[in-house]
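Undergrad:
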Amino acid sequence: MPRFHTPEDLETFRRELLSGRDPHKPCISVCVGAGCLASGASEVLDAFRDELARQGLEAEVDVKGTGCPGFCERGPVVVVYPEEICYLQVKPEDVVDILSQTVKEKKVVDRLLYEDPASGEKAVKESEIPFYRHQERVVIGDNIRIDSRSLDDYLAVGGYAALAKALSGMTAEQVLEEVKRSNLRGRGGGGFPAGRKWEGSRNAPGDTKYVIVNADEGDPGAFMDRALLEGNPHAVLEGLILGAYAVGSREGFVYVRQEYPLAVENITRAIEQARSYGLLGKDILGSGFDFDVEVHKGAGAFVCGESTALMTALEGRVGEPRPKYIRSNVRGLWEKPSVLNNVETWANVPLIINKGADWFTKIGTEGSAGTKIFSLVGKINNTGLVEVPMGITLSDIIYKIGSGIPGDKKFKAVQTGGPSGGCIPESMLDLQVDFDALSDAGSMMGSGGMIVMDEDTCMVDVARYFIHFLTDESCGKCVPCREGLRQMDKILTRITEGKGKEGDLETLQDLAETAREAALCALGKSAPNPFLSTLRHFRDEYEAHIQEKRCPALSCKALVAYWIDPEACRGCGACLRKCPAGAVEGGKKTIHVIDQEKCTRCGTCFEVCPDRYAAVRKISGEDPPPPLPEDQRAIVKKSEKA
Amino acid sequence: MELGPIDGIVERYGCEPSALIQILLEIQKENHWLPGEALDRVAEKLEVPLTRIRHIATFYKAFSLAPKGRHEIHVCMGTACHVRGAKRVLDKVQEVTGIRPGETDLALKFSLETVNCLGCCALGPVMEIDGKAHGKLTTAETAEVLTSYE
Amino acid sequence: MSEIRLQIDGKDVTAEEGTPLLEAARRAGIDIPALCYHEKLKPYGACRLCTVEIESRGRTRLVASCVYTVEEGLVVRTRSEKIDRIRKTLLELLLAHAPDAPTLKAWAAEYGADPDRFEKEPSFCIHCGLCVRYCAEVKGKNAIGFIDRGVRKEISFIPEIALQECENCKACFELCPTSYLQAAYVLTRSLAGKD
Chain Z
1 MPRFHTPEDL
11 ETFRRELLSG
21 RDPHKPCISV
31 CVGAGCLASG
41 ASEVLDAFRD
51 ELARQGLEAE
61 VDVKGTGCPG
71 FCERGPVVVV
81 YPEEICYLQV
91 KPEDVVDILS
101 QTVKEKKVVD
111 RLLYEDPASG
121 EKAVKESEIP
131 FYRHQERVVI
141 GDNIRIDSRS
151 LDDYLAVGGY
161 AALAKALSGM
171 TAEQVLEEVK
181 RSNLRGRGGG
191 GFPAGRKWEG
201 SRNAPGDTKY
211 VIVNADEGDP
221 GAFMDRALLE
231 GNPHAVLEGL
241 ILGAYAVGSR
251 EGFVYVRQEY
261 PLAVENITRA
271 IEQARSYGLL
281 GKDILGSGFD
291 FDVEVHKGAG
301 AFVCGESTAL
311 MTALEGRVGE
321 PRPKYIRSNV
331 RGLWEKPSVL
341 NNVETWANVP
351 LIINKGADWF
361 TKIGTEGSAG
371 TKIFSLVGKI
381 NNTGLVEVPM
391 GITLSDIIYK
401 IGSGIPGDKK
411 FKAVQTGGPS
421 GGCIPESMLD
431 LQVDFDALSD
441 AGSMMGSGGM
451 IVMDEDTCMV
461 DVARYFIHFL
471 TDESCGKCVP
481 CREGLRQMDK
491 ILTRITEGKG
501 KEGDLETLQD
511 LAETAREAAL
521 CALGKSAPNP
531 FLSTLRHFRD
541 EYEAHIQEKR
551 CPALSCKALV
561 AYWIDPEACR
571 GCGACLRKCP
581 AGAVEGGKKT
591 IHVIDQEKCT
601 RCGTCFEVCP
611 DRYAAVRKIS
621 GEDPPPPLPE
631 DQRAIVKKSE
641 KA
Chain X
643 MELGPIDGIV
653 ERYGCEPSAL
663 IQILLEIQKE
673 NHWLPGEALD
683 RVAEKLEVPL
693 TRIRHIATFY
703 KAFSLAPKGR
713 HEIHVCMGTA
723 CHVRGAKRVL
733 DKVQEVTGIR
743 PGETDLALKF
753 SLETVNCLGC
763 CALGPVMEID
773 GKAHGKLTTA
783 ETAEVLTSYE
Chain E
793 MSEIRLQIDG
803 KDVTAEEGTP
813 LLEAARRAGI
823 DIPALCYHEK
833 LKPYGACRLC
843 TVEIESRGRT
853 RLVASCVYTV
863 EEGLVVRTRS
873 EKIDRIRKTL
883 LELLLAHAPD
893 APTLKAWAAE
903 YGADPDRFEK
913 EPSFCIHCGL
923 CVRYCAEVKG
933 KNAIGFIDRG
943 VRKEISFIPE
953 IALQECENCK
963 ACFELCPTSY
973 LQAAYVLTRS
983 LAGKD
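Residue numbers (this note's numbering), protein chains in the order written: chain Z, 1 to 642; chain X, 643 to 792; chain E, 793 to 987.
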């Protein structure tokens, strides 16, 4: 294994590495990120390896398990280089065809290509797929090209060039200045200018300073950091080392949630590799700069994503946040100046040093430079990770990249910012996504979770869901959060059960103000946001639940009744067979009816009624139509109905 | 219980109190739970108050003060999964196993927990058993997957 | 230690650097309600009753006065419509758990708090943390601690230590605003087969 003592050593090694690699040699990249693994990617990878061995082709064709390219809905994803042909939902059985047709005969396996749901058009190259075409994947783009377990692969795509450049020709202040000029704002949620945060620590008194990677990624629905940390751990590490250099820190931490075992494994390995290559430790690349990193696992607490709670956890204590009257970049971990930034923020740093702040500021908007990786999930056709320049409209993300809502359902809202954020309704779809535009709309960027909701989503239930989540995750120290959210949870639950009262909305707003103004930390202060934003944009839903005991989205179990439309029922019996409560009455050639007394509102009948009949209906706010009298339930053949 | 392995874990972390959470995570992984004697031993070796250790062991969801089942079921209740029907999956799991989140069945076969996001949001609703994720679950498939475990 | 000059409710006040606003106000004769504050203990900032409004460098915001320390030129307001509204709600939230606590009832009268606004859940402990912190910081015995988090958080004695130390101490008993502590202690003893 090589060891670099100078930046020149590194560059020489890189040149030799590249000259030994043939860019025209076929290489099959199989994504082995957690998402594709859950869809069977490791079996696909094994199938490739086995088949290549069987055909004696291991020397001619490379195959590697790579980082996540983001198109998780269609995994396992396989990209064949050098042509960049992208195959989706690949199964082990497809391996033989891919090898014989694509690798050997340079032909495309049609059935594995992306097909546009609307036009039916197929796309061959990764870059042609609409999901990718509108993205600008400067940070996450390398994932599919590298084996996440190989430092050499990272070097082959230009890795650690920024570090070499910084340590050979830039002072710490110059690195800091470049990051400041780039206007890089924190990608974890706060959007605080990273350069200013670093400067605060650099200038703070004292010799001991810390740099920390926040890889706790607790927002449900967000998995960008997982893909980055798993897929390209060295990019994050390089950013951290550059940050440590700029700030004057000798010790760094990566705080990863233990729910991401693959990310923990990959970053731990990356750190060991970096140490042995001389990129971490004493006198890095002969610059006189010492720096090392420790991995620290989270133990299952959303609140530990909050910076002061995270630092408290690093000290081996419960994750109870501390007041931030003195910022943690001045007094943080162990009361020392500590720079804590999100995984994606750190991953942007090597790019900024390599290509310069001017390049970075050309992407994005005036107030928000660069790109942002979003996890586009929920009721959307193309689910996955998307990296887009700041300033792109929500509409473009949802319709051009996401290809719209499945099942021809109507878009209702998109939730951004996780439990601290808010919902953006259809009327605001032309909003240009950046930090300030989202806050002005009553939401926030947050870590990048973007959850799409359609006409079947109840917005009161969304508010209840987030408040309930936060009551579970609250550390419990302060009254506004522990007690205030508890009461909000009770009230919102009552409302979804049809037990809403006059005065509930006012009480909720009172509790919301108490939490926003008086809570100890950002979790408590931002907790009311989902409630406040849904109230702002969907007040009619709240009022329908409280006054009419009606759920407009036909979602809240206690407020929805199921009935069978006698005009549509053909007596197939599917609902009767599947009903777990024996609440369906009917027989052959008889219209089936639901006994409302026995019905548990589980929704199974609705799920199993064949699409061509769609006879099971939902109704809310009023009683379902009474069933036809027994003697009128014979199904008359259409031809007989004259 | 054997205190030797506990001592080994603590010593590997240099008997540093700041590594408390990491130490407990390892003990949890080895034993599938945190026996009281283990907590007492850690308190002794690290010279930290037992109250601090107990608070940590109960504050963080990764720890269990009661023995867990052979198979750990984690049903994701993250937003993306919620919107795609995670509650129905959870209801089904409860029905089939007879336990609620936080519980272990009497035969020590299954333990059930809800988790707030496994990071496989594109495959929602997701249920993870013994670290293996099962995605895009319908209620029928949920029951099927569970019956395949001994 | 330098002397800091600031203004509280229109009154000119001086205090030593590092003094919490709550202390500075009390010494100047201005009372601010607080449940989790004790001069012998590190400021905790949990009950939020002591929330006040501060103005500095053109910015106005709400802070916990037991934690925020005096600053030169700071303008502090201990009462306002918003502050009173917040204190009223906080008291109502706490009264749902400890409706008979004397201090809560007295403040409730002052701030117009309705003890029946929220559904009663008489768990009594209001998590001021005085017992836990006193035993840890002043006595150094750590006979009682917190367990769990959020709404499930509780105080819990360590029986082995408590049975040895507490009978002759009980210094924390007079600190408990709701007397839940005494009840928890009695329960701990009876579960251990004592008395």
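Ideal Cβ positions, reconstructed from N, Cα and C, are used throughout, including at glycine.
Work out the CA separation of Phe701/X and Ser403/Z for me, nearest whole Å.
TA: Going from the Cα of Ser403/Z to the Cα of Phe701/X covers about 42 Å.
Undergrad: Return the CA-CA distance between His697/X and Gly744/X, expressed in angstroms with no decimal places.
TA: The alpha-carbon atoms of His697/X and Gly744/X are separated by roughly 18 Å.
Undergrad: I need the straight-line Cα distance from Ala642/Z to Val636/Z, nearest angstrom please.
TA: Its pLDDT being 46, under 50, Ala642/Z is placed unreliably by the model, and the measurement read from it follows with that caveat. Distance between the alpha carbons of Ala642/Z and Val636/Z is about 10 Å.
Undergrad: What ranges does the beta strand (DSSP E) occupy inside the region 379-446 of chain Z, keeping only unbroken runs of at least 3 residues that lie completely in it?
TA: Runs of the beta strand (DSSP E) inside the region 379-446 of chain Z: 384-389, 411-416 and 422-425.
Undergrad: Is the CB of Ala963/E under 8 Å away from at least one CB in chain X?
TA: So no, Ala963/E is outside the interface.
Undergrad: Does chain E have any CB closer than 8 Å to the CB of Thr700/X?
TA: Closer than 8 Å: yes.
Undergrad: How is the alpha helix (DSSP H) around Gln956/E delimited, first residue to last?
TA: Run containing Gln956/E: Pro951 to Glu957, per the alpha helix (DSSP H) assignment.
Undergrad: With 8 Å as the limit, tell me which residues of the region 453-483 of chain Z have their beta carbon closer than that to any beta carbon of chain E; keep them in chain order.
TA: Residues Thr471, Asp472, Glu473, Ser474, Cys475, Gly476, Lys477, Cys478, Val479, Pro480, Arg482 and Glu483.
Undergrad: Is there a C-beta anywhere in chain E that falls below 8 Å from the one on Pro677/X?
TA: Not closer than 8 Å to any Cβ of chain E, the Cβ of Pro677/X fails to qualify, so no.
Undergrad: Listed from N- to C-terminal order along the chain, which residues in the region 937-954 of chain E have their beta-carbon within a distance smaller than 8 Å of any beta-carbon of chain X?
TA: The region 937-954 of chain E vs chain X, Cβ under 8 Å: Gly937, Phe938, Ile939, Asp940, Arg941, Ser948, Ile950 and Ile953.
Undergrad: Between the region 653-668 of chain X and chain Z, which residues of the former have a C-beta closer than 7 Å to a C-beta of the latter?
TA: For the region 653-668 of chain X, which is checked against every Cβ of chain Z, the residues closer than 7 Å are Pro659, Ser660, Ala661, Leu662, Ile663, Gln664 and Leu667.
Undergrad: What residues in the region 818-852 of chain E bring their beta carbon closer than 7 Å to a beta carbon of chain Z?
TA: Taking 7 Å as the Cβ-Cβ cut-off against chain Z, the residues of the region 818-852 of chain E that qualify are Gly837, Ala838, Cys839, Arg840 and Thr843.
Undergrad: Let me check understanding here. Comparing Cα to Cα, which of Ala749/X, Ala704/X and Leu732/X lies closest to Asn673/X?
TA: Nearest C-alpha to Asn673/X: Ala704/X.
Undergrad: Any idea what DSSP makes of Pro130/Z, helix, strand or coil?
TA: Pro130/Z falls in the helix class under three-state DSSP.
Undergrad: From this set, Gly678/X, Glu679/X and Ile663/X, which residue's C-alpha is nearest Ala301/Z's C-alpha?
TA: Checking every option, the nearest Cα to that of Ala301/Z belongs to Ile663/X.
Undergrad: Using 8 Å as the limit for Cβ to Cβ distance, is Ala642/Z near chain X?
TA: The predicted position of Ala642/Z is uncertain, since its pLDDT is 46 and thus under 50; no value can be drawn from it.
Undergrad: My guess is that Val684/X and Val652/X are in contact by the Cβ rule of under 8 Å, so how many angstroms apart are they, rounded?
TA: Confirmed, about 6 Å.
Undergrad: Can you have a look at His889/E and say buried or exposed, based on whether 16 or more other CB atoms are within 10 angstroms of its CB?
TA: Buried is the call here.
Undergrad: Between Leu523/Z and Pro323/Z, how many whole angstroms is the CB-CB distance? I'm expecting something under 8 Å.
TA: So it is not a contact: roughly 13 Å between Cβ atoms.
Undergrad: Would you call the CB atoms of Asn381/Z and Ala162/Z closer than 8 Å?
TA: No. Outside cutoff.
Undergrad: Tell me, which residues are paired with Cys86/Z by DSSP?
TA: Partner(s): Val79/Z.
Undergrad: How many Å lie between Pro552/Z and Ser620/Z at the Cα?
TA: In a straight line, the C-alpha of Pro552/Z is about 7 Å away from that of Ser620/Z.
Undergrad: Could you list the residues in the region 379-391 of chain Z with a C-beta less than 8 Å from some C-beta on chain X, going in chain order?
TA: The residues in question are Lys379, Thr383 and Gly384.
Undergrad: Alpha carbon to alpha carbon, how far is Leu155/Z from Glu517/Z? Give it in angstroms, no decimals.
TA: Glu517/Z and Leu155/Z: Cα-Cα distance of roughly 49 Å.
Undergrad: Checking 8 Å against the spacing of the C-beta atoms, do Leu707/X and Leu676/X come in under that value?
TA: It is a contact, given that the beta carbons lie within the stated cut-off.
Undergrad: Which residue marks the beginning of the alpha helix (DSSP H) containing Ser848/E, and which one marks its end?
TA: Run containing Ser848/E: none in the alpha helix (DSSP H); it sits in the beta strand (DSSP E), Thr843 to Ser848.
Undergrad: Less than 8 Å separating the beta-carbons of Ile352/Z and Glu177/Z?
TA: No; because the gap between Cβ atoms is not below 8 Å, this pair is not in contact.
Undergrad: Mind pulling the chain Z residues with CB within less than 7 Å of Leu854/E?
TA: Here the neighbours are Glu517 and Ala518.
Undergrad: Buried or exposed: Arg941/E, going by 16 or more other Cβ atoms within 10 Å of its Cβ?
TA: Buried, because 16 or more other Cβ atoms sit within 10 Å of the Cβ of Arg941/E.
Undergrad: Which chain E residues are close to Phe487/Z, counting only those with a beta carbon under 7 Å from its beta carbon?
TA: One detail in the question is off: residue 487/Z reads as Gln in this sequence, not Phe. By Cβ distance, chain E contributes Leu885 and Phe910.
Undergrad: How about Ala984/E: is its C-beta nearer than 8 Å to some C-beta of chain X?
TA: By this cut-off, Ala984/E is not an interface position.
Undergrad: Where does Ala642/Z fall in DSSP's three states?
TA: Unreliable positioning characterises Ala642/Z in this predicted model, as indicated by a pLDDT of 46, which lies under 50. The coordinate reading is nonetheless provided below. Correct three-state label for Ala642/Z: coil.
Undergrad: Specify, as a first and last residue, the run of the beta strand (DSSP E) that Ile564/Z falls within.
TA: Taken as a continuous stretch (DSSP letters only), the beta strand (DSSP E) holding Ile564/Z covers Val560 to Ile564.
Undergrad: Where in the region 338-362 of chain Z do unbroken runs of the beta strand (DSSP E), each at least 3 residues long, occur, reported from the N-terminal end onward?
TA: DSSP runs (the beta strand (DSSP E)) wholly in the region 338-362 of chain Z: 338-342.
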